[in-house]
Amino acid sequence: MAATQKAAAHKDTQDKALDAALSQIEKQFGKGSVMRLGDSGAIPDVEVVPTGSLALDVALGVGGLPRGRVVEVYGPESSGKTTLALQVVAEAQKLGGTAAFVDAEHALDPIYAEKLGVNVNELLISQPDTGEQALEITDMLVRSSAVDIIVIDSVAALTPKAEIEGEMGDSHMGLQARLMSQALRKLTGNIKRANTLVIFINQIRMKIGVMFGSPETTTGGNALKFYSSVRLDIRRIGAIKKGDEVVGNQTRVKVVKNKIAPPFRTAEFEILYGAGISSEGELIDLGVEHGLINKAGAWYSYNKDRIGQGKENSRQFMIEHPEIAHEIDTALREKLLPKKLTTAEVTDIADKAAEKAADTSTGKTDKTPKRAAG
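Sequential numbering of the sequence shown, starting at 195, is according to my numbering.
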């Protein structure tokens with residue numbers, strides 16, 4: 195009995211010490227610096243831009259990509275990096291925002307972008323000659339505070355001026371990494387103040403001589419990894435076929451870094467050629483998974499009404515009946531995304547946390563267990 199009480203007292207002391215440490219960490223480094231991975235309660239409101247994929251919005255924990263932060267999207271070739279970035283641009287424009295696309299690869303297809311829902315007439319586009327020019331343009335757009343989202347495609351194509359003016363075969367060790375490190379030191383503060391979402395698309399390279407672990411790495415050095423609030427690893431995991439014809443990719447995105455919610459969550463969705471992310475397909479998959487849509491054999495039903503035999507027919511039904519798709523989307527978002535707090539609720543939580551911290555500190559002096567005499 196005495197041992198149990200002693201263990202309980204020790205646990206209580208540890209809990210108080212941990213609460214004090216967490217409070218100090220959040221005070222020193224900001225809210226969200228440390229959190230329990232299983233936390234899924236209400237969180238303070240974070241301004242976000244939806245990704246165009248409900249599954250990815252849920253995996254990110256806050257309903258989209260955070261504004262005022264740096265985001266890195268990387269993966270192998272033809273995995274859907276630019277498609278995902280353009281979908282985010284389209285969503286930002288739907289919310290009334292201004293978007294810019296820094297096309298360092300000189301490979302943007304306006305027709306494809308328009309099919310994804312991007313208003314190309316209002317899209318700001320730059321095709322810079324050098325990496326320095328690209329990053330300087332990005333910095334000027336950010337400092338204007340008039341642009342809501344900027345996409346840089348891609349980091350690998352941000353070629354330093356010295357390399358462009360040099361000869362083929364010249365060695366420029368670490369030049370691009372130094373360029374990125376300097377640029378991000380300048381950009382990060384401005385991005386936060388302007389509340390602009392900046393997305394860097396990056397490519398994958400292989401490290402030579404790696405015996406254990408993954409040999410994959412991203413270009414441009416390590417600075418972008420550190421400065422990014424969110425890092426998304428996007429991969430093609432399968433093909434979508436209509437008969438013998440391949441009409442799209444099955445795609446998986448892993449949130450490998452997340453400073454605004456617990457990381458390491460994954461999302462799977464379909465990217466259809468010429469159409470982008472299939473939101474209707476996602477609604478069907480997530481609806482079945484969470485009990486909003488019933489599946490019996492090959493038939494899908496919603497509110498006891500059959501909507502189609504097979505996923506393709508059900509997808510077509512959703513396209514033809516957008517009001518039902520919107521109803522399912524709203525229900526899923528209410529169920530899967532955390533509740534947004536009002537300013538008053540956030541203030542109330544902060545006041546209660548301050549009171550708890552004060553009680554903890556007084557408890558350490560007034561309620562310290564006394565050692566038994568003798």
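No residue lacks a Cβ here, since even glycine has one placed at the ideal position from N, Cα and C. Bear in mind that the values here come from a model prediction, so they are computed numbers and not experimental data.
Quick check: the Cα distance between residue i and residue j, rounded to an integer number of angstroms?
i: L250; j: L526; result: 13 Å
i: L254; j: Q510; result: 28 Å
i: A286; j: K221; result: 32 Å
i: L530; j: G403; result: 43 Å
i: M362; j: L329; result: 24 Å
i: P322; j: D523; result: 39 Å
i: H204; j: A211; result: 11 Å
i: G568; j: D206; result: The predicted model places G568 with a pLDDT of 42, which falls under 50 and marks its position as unreliable, so this point remains unresolved.
i: Q218; j: I305; result: 52 Å
i: Q503; j: A340; result: 47 Å
i: H300; j: N313; result: 19 Å
i: L214; j: I434; result: The question names Leu, but residue 214 in the sequence shown is Ala. Roughly 52 Å separates the two Cα atoms.
i: R500; j: A371; result: 56 Å
i: E476; j: E316; result: 29 Å
i: I428; j: R446; result: 6 Å
i: F223; j: P457; result: 18 Å
i: A236; j: K436; result: Only weak support is given to the placement of A236: the predicted model assigns it a pLDDT of 43, under 50, and the value that follows is read from those uncertain coordinates. For A236 and K436, the distance between alpha carbons rounds to 42 Å.
i: H520; j: I513; result: 10 Å
i: H366; j: A356; result: 8 Å
i: L216; j: K546; result: 15 Å
i: K225; j: I454; result: 9 Å
i: K309; j: I465; result: 13 Å
i: E549; j: D542; result: 11 Å
i: V450; j: A461; result: 12 Å
i: M405; j: M229; result: 33 Å
i: G258; j: V243; result: 5 Å
i: T413; j: A388; result: 27 Å
i: I487; j: S508; result: 11 Å
i: N416; j: T324; result: 20 Å
i: T284; j: S247; result: First, the amino acid is wrong: residue 284 is Ala here, not Thr. Approximately 12 Å, taken between the alpha carbons.
i: I385; j: M374; result: 15 Å
i: K401; j: F394; result: 21 Å
i: G441; j: G291; result: Contrary to the premise, residue 441 reads as Val rather than Gly in this sequence. Taking the straight line joining both Cα atoms gives about 31 Å.
i: K489; j: K288; result: 33 Å
i: V392; j: D209; result: 39 Å
i: Y496; j: V282; result: 29 Å
i: M334; j: E483; result: 45 Å
Just to confirm the assignment, what range does the beta strand (DSSP E) spanning residue i have?
i: N396; result: L391 to N396
i: Y421; result: That residue, Y421, is in no beta strand (DSSP E); its alpha helix (DSSP H) goes A417 to Y421.
i: A490; result: I487 to A490
i: Q576; result: Lying before the first or after the last residue shown, residue 576 is absent from the chain, which here runs from 195 to 568.
i: T460; result: T460 to L466
i: D427; result: V424 to K436
i: S495; result: W493 to Y496
i: V349; result: Per DSSP, V349 belongs to no beta strand (DSSP E) and is neither H nor E.
i: E266; result: V264 to Y268
Taking the continuous alpha helix (DSSP H) assigned at residue i, which residues delimit it?
i: A203; result: A196 to F223
i: F511; result: K505 to E514
i: L480; result: S473 to E483
i: E308; result: P304 to K309
i: G325; result: G325 to R337
i: A284; result: K275 to K288
Considering only DSSP beta bridges, list what residue i is partnered with.
i: I358; result: According to DSSP, which records beta bridges pairwise, I358 is partnered with nothing at all.
i: S247; result: Per DSSP, none; premise fails for S247.
i: S320; result: V296
i: I501; result: Beta-bridge pairing links I501 to no other residue.
i: I518; result: According to DSSP, which records beta bridges pairwise, I518 is partnered with nothing at all.
i: V256; result: None, per the DSSP bridge assignment.
i: V242; result: P260
i: G470; result: L466
Answer with yes or no whether the minimum CB distance from residue i to chain D is below 8 Å.
i: Y421; result: In the structure shown, chain D cannot be found, because there is only a single protein chain.
Should the stretch 290–301 be called in touch with the stretch 335–348, which here means at least 3 C-beta pairs below 8 Å?
yes
Taking 8 Å as the threshold, find out whether the stretch 361–379 comes into contact with the stretch 417–434 through three or more Cβ pairs.
yes
Does the structure place the stretch 277–284 close enough to the stretch 462–478 that three or more beta carbon pairs sit under 8 Å?
yes
I want to know whether the stretch 263–273 touches the stretch 421–440 - three or more CB-CB distances under 8 Å.
Yes, they touch.
Which parts of the stretch 361–415 are runs of the alpha helix (DSSP H), unbroken and 4 residues or longer, counting only runs that do not cross its ends?
369–388
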